[in-house]
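*Asks:* Protein sequences appear in the order of chains A, B and C. Going by the working numbering, the first sequence opens with residue 1, and the numbers climb by one from there. Going by the working numbering, the second sequence opens with residue 1001, and the numbers climb by one from there. Going by the working numbering, the third sequence opens with residue 2001, and the numbers climb by one from there. One structure, pasted below without further comment.
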Amino acid sequence: MSSPPSRQDSGHLSRPPQNGALLKIRDLHVHFKVYGGRLRVLDGVHFTMHPGEKVGLVGETGCGKTTTMKSILRILPEPPARIAGGEIYFKGRDVLKMKQKELRKVRSEGISMIFQDPTAALNPVFTVGQQLEAVVKYSIEGKNLSRKEIRERTLQPLREVALPDPERMLDTYPLQLSGGMRQRVCIAMALAASRELLIADEPGTSLDVTIQDQILRLLHRLVEETDVSVLLITHTLGVVREMTDRVYVMYAGRMVEVADTQELFDNPLHPYTHGLMEAVPRLTGGGVADGIAGRIPDYMHPPQGCRFQPRCPRAMEVCHQEKPTFYRIDDNHQVACFLYRDSET
Amino acid sequence: MNQADILTVRDLKKHFVIGHKDVLRREPITVKAVDGISFTVKEGETFGLVGESGSGKSTTAYTVVAMYRPTAGSISFRGENLFEGKNERTRALKKEIQIVFQDPGSSLNPRRNVKQILELPLRIHRREENRTEQIARLMDMVELPLEHMHKYPQALGGGEKQAVAIARALATDPSFIILDEPTSALDVSVQAKIINILIGLQDEFNLSYLFITHDLSLMRNVASRVAIMYLGKICEVAETAEFFRNPYHPYTEMLLSSIPVVSEEEEQVKPKRIRSTGEIPSPVNVPPGCSFHLRCPVRQPGCAEEDPVMTEIEEGHWVRCHLQC
Amino acid sequence: MTVHAESLDLPKGTTREKLGRGWYKFSRNTMSIVGLCFVLLVTFLAVFAPLVAPYPEHAGKFVDFANASIPPGRTYPLGTDVMGRDILSRIFFGFRFSLMMGVVVLSLVVPPGVTLGLIAGYYQGTWIDTAIMRITDIFLAVPPLILALAICSVLTPNLFNAMLAVSLMWWPWYTRLVYGLASTLRNEFFVSSAEVIGASKFHIIFKEILPNCISPIFTKMSLDMAWVILLGSSLSFVGLGVQPPRPGLGTMVAGGTDYLPELWWISVFPALAIVVVVLGFNLLGDGIRDMFAAEEV
């Protein structure tokens, strides 16, 4: 019944493809139509995630992680964006082919999102309670709930995110709260919406580091206590190391490496991943390493072969011509790089 | 190390009045952004200033470059008091002290291209001709390809924008540059490049830096001395290696334990004792006594009453804490 | 090693590329193109009226009772009025007054209005700000049409005085618009940067802040053309603007009201002409706003 994992397979552990996957993205291509032509932003993204997992998606500015995230929820502005190919399966159903009604169900119950800037994510003219209520009411069950049930469903998440005095919090306006509290409210709203998949986009970046630490520990606790799966998107390697079981590394619209977190940090294979790790300053000292030379490719005229090749210190002839697929190094480590073409186990 | 002092800050205070408590009594509501700090930067060194929101680190920076006038205290540059009497700082002094702001997106005018941006300081401070050549040289110093000269900031990446901001600061041929979170908005691979450029420039031109960041891992690798600020006051100052090896102040420990690190070795080095709790109070409502005591996990009864004094517990290592554990 | 970013041979981010990009954004919306066409057509007709109009002499003092009150037909495409004058030709000349009204008023209003707004915005919080903005508030408090009527009634009714009246009540809008923009912009880091470098106040206000206000100003100017022309036509309609026999569009509409509905073409066509001009500038204004809009991606 289950076929063995093929070379084309991407980053899920020794399990058959699509069987039991919570979220599976296959060969996603997304283009943007702009002045001068088309930006080929996503160039064949593969991604798999199972229930209960904490997966990290690491990439720098412009790598396409936000576009990927928005594609999952179909909140890309189309036009100018256009999904040029691929599928996104959420619990086995292709999100890209869904009609509005089913999409709404997915958005209100399946997947919820925590955005980077909690201040921008909350409407300043409504109280916390009103915004939470809106989330609850828009869920599919929302129509059938009594006032008391709705209220309880707004209080429960506030308790879970350890906000002081949840009852009073319902009547507070976002601007009366500190940054850390606003982020907690956003997490509460996400929990009120869905308990299946939580996508967190740079959840602590706009906050102070001590507050970020609290928020991350909160997320960690929530994942442990409930069975919510978390997709953590960030450009900060340290956060990924603390918070996730498995990590995808993304560059210029493609996934370049995926591994269990510990394995990735112990053994980064892809030259880009390696470069990133080297560039992080260490608390133990040792000076500042060189960054990665060059800039991200022009998405209107991307390189023909591997998109990292122009900046790669170990580029080979074949890298100019062809695009690498995922090569399986280990049960829990795959890398899209010709350097490892012959190292497959 | 017998380096001369280039910048001396003594008991600096900067308060802002943001309103009044009520109409009748007109009691002002004051934000004590900077509330009595003192430090010295030596020529050619990088002095690090660490802090979170409301710590006053940016306000300190803006006061040094005269965007604000101090409410009290003094700032001296090579012995000369910067805020002596007259309103405007002299042109000669403006040239010497420059600043690179945190967000390259808003520190460059989107309606002016790179050439125009770099031309302004040259036009004001350096009378020589062949500006284009000077601009080319500046761009070269920060490793910016010359073809960017006629581009507008929107066409540049984050690192390139920040390189322009650095080049602009260099254009006046300064001796002292304040770097306010110069790489916080950048990706880590770009950050490395910018930091290396800054270090190279420091060596070449014997520049002194006041380096402000909340990223302690970065600070560990760029600063020679570090001071940590909380709600307008300095909690601890020490030479870098000592600061990280031997933190005394509970807030320092809290900050260090909150850093996400990428390796096991770093995990070992992080203090585990104190994890972050509580909210950062607003500088409008500074808690009485030691401003940190409400969040301090090792506070004692006396901490709420009296504000501790900066004490030198080891050579070159100062702490403001009643416990000095 | 750097990877260059280029598109269509135009180096990205230069002025030429910006113009191309601007046109791209403008042309996304068909209605903006329609507006542009209307405006270009009207301008062309206005400028070349003596050459293009079939009966240019009808625009002035001209009487031909033999051909009066003729409905639209082949000889006179839009008909003639009770004095025998060709309406089409008069409309072409009427466009001159309309455009002139718009151009003159805006020329008088925009420089001082914008300058005052810039200064008030830069010195926000000081007495300069208070002084300028309170004066602005006073002007804004007077009902505009009433003020225009009052001024026109006191002075001799003619186009020039109408323009003066409209100008006097129009400048505060620019001050207020620019004040809002400038007071926000002066807190941007690039302004602080210029100050730290030692730039003069003049440079900061006009070379750093003003360029960032251009887009809303241009958009407003385009939409204002429509308003000013409409206001001018209204004043002419009530007898306070362009005086007969000169062919102001509003004047022509007024002249034909006595003969409605039998001799409908005398009022209707000039009214339609006003619609074309006003609509054209409105649509153009939308397009200009789109052109300056920030881009996604």
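Glycine included, each C-beta is placed from N, C-alpha and C at the ideal position.
Based on the DSSP output, what are the partners of residue 1179 of chain B in its beta bridges?
*Replies:* BP columns for residue 1179 of chain B point to B/1100, B/1211.
*Asks:* Could you please give me the residues that DSSP links to residue 1016 of chain B through a beta bridge?
*Replies:* Residue 1016 of chain B is bridged to B/1031.
*Asks:* Give the DSSP-derived three-state secondary structure of residue 1043 of chain B in the structure shown.
*Replies:* Three-state result, residue 1043 of chain B: coil.
*Asks:* Report yes or no: is there a C-beta of chain A within less than 8 Å of the C-beta of residue 2020 of chain C?
*Replies:* At least one chain A Cβ lies under 8 Å of residue 2020 of chain C.
*Asks:* Who does residue 2123 of chain C pair with in a DSSP beta bridge?
*Replies:* Note: residue 2123 of chain C sits in no beta bridge, so no partner.
*Asks:* From the DSSP output, in three-state form, read off residue 1081 of chain B for me.
*Replies:* Reduced to three states, the DSSP call for residue 1081 of chain B is strand.
*Asks:* Within 10 angstroms of its Cβ, does residue 1245 of chain B collect 16 or more other Cβ (buried), or is it exposed?
*Replies:* So residue 1245 of chain B counts as exposed.
*Asks:* Whose C-alpha, out of B/1215, B/1139, B/1091, B/1115, is nearest the C-alpha of residue 1124 of chain B?
*Replies:* Taking only the C-alpha atoms, the option nearest residue 1124 of chain B is B/1091.
*Asks:* Using a Cβ cut-off of 8 Å (strictly closer), state whether residue 1195 of chain B contacts chain C.
*Replies:* It does not: the Cβ of residue 1195 of chain B has no partner Cβ on chain C nearer than 8 Å.
*Asks:* Using DSSP bridges, identify the partner residues of residue 54 of chain A.
*Replies:* BP columns for residue 54 of chain A point to A/230.
*Asks:* Grab me the residues of residue 85 of chain A's own chain with a C-beta within less than 6 Å of its C-beta, minus the 5 sequence neighbours each way, in chain order.
*Replies:* For residue 85 of chain A, where only same-chain residues beyond five positions count, the Cβ hits under 6 Å are 29.
*Asks:* Which residues in chain A sit within 9 Å of residue 1123 of chain B, going by Cβ to Cβ distance?
*Replies:* Residues of chain A passing the Cβ test: none, with the nearest at roughly 30 Å.
*Asks:* Is it a yes or a no for the region 1245-1257 of chain B touching the region 311-323 of chain A, going by three-plus beta-carbon pairs under 8 Å?
*Replies:* No, the region 1245-1257 of chain B does not touch the region 311-323 of chain A.
*Asks:* Are the Cβ atoms of residue 2036 of chain C and residue 2285 of chain C separated by less than 8 Å?
*Replies:* Contact: no.
*Asks:* Could you please give the first and the last residue of the uninterrupted beta strand (DSSP E) stretch that includes residue 85 of chain A?
*Replies:* Taken as a continuous stretch (DSSP letters only), the beta strand (DSSP E) holding residue 85 of chain A covers 81-90.
*Asks:* Tell me whether the region 2232-2245 of chain C and the region 2038-2058 of chain C touch, counting them as touching only if at least three CB pairs, one residue from each stretch, are closer than 8 Å.
*Replies:* Counting Cβ pairs under 8 Å, fewer than three are found: no touch.
*Asks:* With a cut-off of 8 Å, do at least 3 Cβ pairs link the region 240-260 of chain A to the region 1141-1159 of chain B?
*Replies:* With a cut-off of 8 Å, the region 1141-1159 of chain B and the region 240-260 of chain A do not count as touching, because too few Cβ pairs lie within range.
*Asks:* Rounded to whole angstroms, what is the Cα-Cα separation between residue 1310 of chain B and residue 1007 of chain B?
*Replies:* For residue 1310 of chain B and residue 1007 of chain B, the distance between alpha carbons rounds to 20 Å.
*Asks:* Which chain B residues are close to residue 2192 of chain C, counting only those with a beta carbon under 9 Å from its beta carbon?
*Replies:* The contacting residues are 1062, 1065, 1067, 1099, 1101, 1107.
*Asks:* Compare the C-alpha of residue 2095 of chain C against each of C/2106, C/2274, C/2239 and name the closest.
*Replies:* Closest by alpha carbon: C/2274.
*Asks:* What is the DSSP secondary structure of residue 1223 of chain B, reduced to helix, strand or coil?
*Replies:* Coil, per DSSP.
*Asks:* Which of helix, strand or coil does DSSP assign to residue 236 of chain A?
*Replies:* Note: residue 236 of chain A maps to coil in three-state DSSP.
*Asks:* Taking only three categories from DSSP, how would you classify residue 1 of chain A?
*Replies:* Since pLDDT at residue 1 of chain A reaches only 38, below the 50 mark, its modelled position is unreliable, and no value is offered.
*Asks:* Would you mind working out which of B/1260, B/1108, B/1181 sits nearest residue 204 of chain A, comparing C-alpha positions?
*Replies:* Closest option to residue 204 of chain A, Cα to Cα, is B/1260.
*Asks:* Mind checking whether residue 1036 of chain B and residue 1011 of chain B have CB atoms under 8 Å apart?
*Replies:* It is a contact, given that the beta carbons lie within the stated cut-off.
*Asks:* Going by DSSP, which residues form a beta bridge with residue 1326 of chain B?
*Replies:* Not covered by the structure: residue 1326 of chain B. The range shown for chain B is 1001 to 1325.
*Asks:* Apart from the five residues on each side of it in sequence, which residues of its chain come closer than 6 Å, Cβ to Cβ, to residue 1234 of chain B?
*Replies:* Hits under 6 Å: 1037, 1227.
*Asks:* Are three or more beta carbon pairs between the region 1096-1108 of chain B and the region 2198-2206 of chain C nearer than 8 Å?
*Replies:* Verdict: no, contact absent.
*Asks:* Return the CA-CA distance between residue 9 of chain A and residue 272 of chain A, expressed in angstroms with no decimal places.
*Replies:* Its pLDDT being 40, under 50, residue 9 of chain A is placed unreliably by the model, and the measurement read from it follows with that caveat. For residue 9 of chain A and residue 272 of chain A, the distance between alpha carbons rounds to 21 Å.
*Asks:* What's the C-alpha gap between residue 75 of chain A and residue 1163 of chain B?
*Replies:* Approximately 34 Å, taken between the alpha carbons.
*Asks:* Could you have a look at residue 2278 of chain C and say whether DSSP puts it in helix, strand or coil?
*Replies:* Three-state result, residue 2278 of chain C: helix.
*Asks:* Would you kindly report the start and end of the unbroken beta strand (DSSP E) that includes residue 29 of chain A?
*Replies:* Where residue 29 of chain A is concerned, the enclosing beta strand (DSSP E) stretches over 23-34.
*Asks:* Between residue 303 of chain A and residue 309 of chain A, is the Cβ-Cβ spacing less than 8 Å?
*Replies:* Contact: yes.
*Asks:* Please confirm whether residue 1279 of chain B has its beta-carbon closer than 8 Å to some beta-carbon of chain A.
*Replies:* It does: the Cβ of residue 1279 of chain B has a partner Cβ on chain A nearer than 8 Å.
*Asks:* Kindly indicate if chain B contains any beta-carbon less than 8 Å away from that of residue 180 of chain A.
*Replies:* Yes, residue 180 of chain A counts as interfacial toward chain B.
*Asks:* Have a look at residue 2051 of chain C and residue 2113 of chain C and give me their C-alpha separation to the nearest angstrom.
*Replies:* For residue 2051 of chain C and residue 2113 of chain C, the distance between alpha carbons rounds to 37 Å.
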